[in-house]
Amino acid sequence: MGRPTERAGHRERQALRDVVRRGRSVRAATDPRAARAPGRSRLRPAGERRAHRRRARGPLLRLPDRDRSLLRTGHCQAAVQGPRGCRRRARPAAGSRVMSQVIESDVCIIGGGISAAMVAERLAERTEASITVVEAGGRTASLEERTATRARMLAYGENPYPNDHIPGQTGTGEMYQSMVLGGAAMHWGGAVPRYSPEDFRVRSLYGVGYDWPITFDDLEPYYQEAEERMGVAGEQGPPEYDPRSRPYPMPPLPLSWNLERMREWTDAAGIPFWTQPWARNTEPWQGRNVCQRCDTCAVCPTGAKYTPDFAFDRLLAAGSMRLHGRTLIRSLNLASGSDRIETATGFHQDAPDQPVEFRARTFVLAAGHSWSSHLLLLSANSRFPNGLANSTDNVGRYMTGHWYVTGFVEL
Numbered sequence: 004m005g006r007p008t009e010r011a012g013h014r015e016r017q018a019l020r021d022v023v024r025r026g027r028s029v030r031a032a033t034d035p036r037a038a039r040a041p042g043r044s045r046l047r048p049a050g051e052r053r054a055h056r057r058r059a060r061g062p063l064l065r066l067p068d069r070d071r072s073l074l075r076t077g078h079c080q081a082a083v084q085g086p087r088g089c090r091r092r093a094r095p096a097a098g099s100r101v102m103s104q105v106i107e108s109d110v111c112i113i114g115g116g117i118s119a120a121m122v123a124e125r126l127a128e129r130t131e132a133s134i135t136v137v138e139a140g141g142r143t144a145s146l147e148e149r150t151a152t153r154a155r156m157l158a159y160g161e162n163p164y165p166n167d168h169i170p171g172q173t174g175t176g177e178m179y180q181s182m183v184l185g186g187a188a189m190h191w192g193g194a195v196p197r198y199s200p201e202d203f204r205v206r207s208l209y210g211v212g213y214d215w216p217i218t219f220d221d222l223e224p225y226y227q228e229a230e231e232r233m234g235v236a237g238e239q240g241p242p243e244y245d246p247r248s249r250p251y252p253m254p255p256l257p258l259s260w261n262l263e264r265m266r267e268w269t270d271a272a273g274i275p276f277w278t279q280p281w282a283r284n285t286e287p288w289q290g291r292n293v294c295q296r297c298d299t300c301a302v303c304p305t306g307a308k309y310t311p312d313f314a315f316d317r318l319l320a321a322g323s324m325r326l327h328g329r330t331l332i333r334s335l336n337l338a339s340g341s342d343r344i345e346t347a348t349g350f351h352q353d354a355p356d357q358p359v360e361f362r363a364r365t366f367v368l369a370a371g372h373s374w375s376s377h378l379l380l381l382s383a384n385s386r387f388p389n390g391l392a393n394s395t396d397n398v399g400r401y402m403t404g405h406w407y408v409t410g411f412v413e414l
């Protein structure tokens, strides 16, 4: 005869075989307390059944197994009232398609970066339009949390910005690949130099490249408006190189000891010298603090550096816009027989198989240089097989960064 543990293991294996043969529950098969006495009815007395039902009530939602991890309050597409105020998705009829959630507004801005923040602010100030902003990423650390975030970055090398959520497109290694509310301007350094007038006429002046179809003077008022919205500190350069209609909103950052020596050298050599403008406060601006020169601009712990989330927070607090975060737009859909975009279809991270439809009179595509092009190409249809706004087949082509020259001067 085997040992007691061996006999117990044999009983458990026999019980599991009973589950397969008779369809009994695992608990009833393995727990002797749950075993039913021979001849006893499966039904409890009426009073016991009512008590059992009362005990069983609770927040358990009867969803398909694959959906249990997807439910988030406020994101149910077709929902019914459940026990104790919980909400659950209604089970669709067999063979039917899941109905998409429809969100309507006057203006839908796709992307939640710096351009989207500027457009949303301007619309909220000058119109009564209802505004929806759709952003693929979520929020990062709030201003109150950034001191701790900076400390972890310095102590442990922790990336303060999450990876992309799209499979196969992770953001390991470099912060700017992340999708976050605020976009790349969450971890930028804040440098905001303008193009010079000659940048718009390189073909005419130097015989290379192409002239722009617009001039510096066409853009200058918008440069000024953007600088005032962000709060830019800068120094007026020579007018022939740095023309301006109005001064910078704030005076420049104080020069470091090295730059003071550099200015002395350039003045003696007759070389024009002026500092680069920055979207960092040298005076309190829009309720934000002054730059403390922390040298961790990717995570500014004082709020002195402009980031778009400040603008979005103001608009949300005023009820001027709605934000749908963690929602990736995958197609722009044209109205029947028209070139006008009627809807945009997206998917929320917590419900990736349930489409969300955004309807608006006007759509603003502000998803950055890569994702805006990507979305236009994804939205190809029978009328526009190469993608939207792509009659020249140049969408997504010829993309490049900006070259610059660095050097060292021994004084």
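Going from the sequence shown to the numbering used here is simple: count from 1 and add 3. Think of the CB as a built atom: it goes at the ideal place given N, C-alpha and C, for glycine as much as any other residue.
- The beta carbon of G141 is closer than 6 angstroms to those of G328 and R329 in its chain, skipping five residues each way along the sequence.
- Unbroken beta strand (DSSP E) runs of no fewer than 3 residues, entirely contained in the segment 348-411, are found at 354-368, following chain order.
- As the crow flies, the alpha-carbon of W281 is around 14 angstroms from that of A301.
- Here the alpha carbons of Q239 and P250 stand approximately 7 angstroms from one another.
- Annotated as proximal: M253 and A236, with beta-carbon spacing under 7 angstroms.
- With a cutoff of 7 angstroms on beta-carbon distance, P163 and T150 are scored as not near each other.
- In the structure shown, R142 adopts coil according to DSSP, grouped into three states.
- Exclusion of the five residues before and after P246 leaves P200, F219 and E223 as the residues of its chain whose Cβ lies within less than 8 angstroms of its Cβ.
- When secondary structure is reduced to three states using DSSP, S118 falls in the helix class.
- DSSP, read as helix, strand or coil, puts A229 in helix.
- Of S382, I112 and G290, the smallest CA-CA separation from G306 is found for G290.
- Taken through DSSP and simplified to helix, strand or coil, C303 comes out as coil.
- Counting of Cβ neighbours within 10 angstroms places P241 among the exposed residues, the total staying below 16.
- Note: A194 is bridge-paired with W281 in the DSSP secondary-structure output.
- By the beta-carbon neighbour count (other beta carbons within 10 angstroms, threshold 16), R129 is exposed.
- L262: member of the alpha helix (DSSP H) spanning W260 to A272, first to last residue.
- L326: not part of any alpha helix (DSSP H); member of the beta strand (DSSP E) spanning R325 to H327, first to last residue.
- When Cβ pairs closer than 8 angstroms are counted between the two stretches, the segment 387-399 is seen not to touch the segment 120-138, the count staying below three.
- Distance from the Cα of L157 is smallest, within the candidate group T348, S339, E413 and T299, for T299.
- Here the alpha carbon of E267 sits roughly 31 angstroms from the alpha carbon of Y309.
- Per the Cβ contact rule, the segment 101-113 is in contact with the segment 347-360 (3 or more Cβ pairs under 8 angstroms).
- When the Cα atoms are used, V367 and M189 turn out to be separated by approximately 21 angstroms.
- Going by C-alpha positions, A314 is about 35 angstroms away from V205.
- Counting only residues of its own chain and dropping the five nearest sequence neighbours on each side, L146 has a CB closer than 7 angstroms to the CB of G306.
- Here the alpha carbons of I113 and G322 stand approximately 19 angstroms from one another.
- Cβ atoms of G185 and G116 come within 8 angstroms of each other, at about 6 angstroms.
- Boundaries cannot be given for L256, as no beta strand (DSSP E) includes it and DSSP labels it neither H nor E.
- In the displayed model, D220 falls within a helix according to three-state DSSP.
- Beta-carbon to beta-carbon, L318 and A127 are separated by about 6 angstroms, close enough to satisfy the 8 angstroms threshold.
- As computed with DSSP, E107 is found in a beta bridge with R362.
- Straight-line measurement puts the Cα of D353 at about 16 angstroms from the Cα of R333.
- Beta-bridge analysis with DSSP links V137 to I113 and H327.
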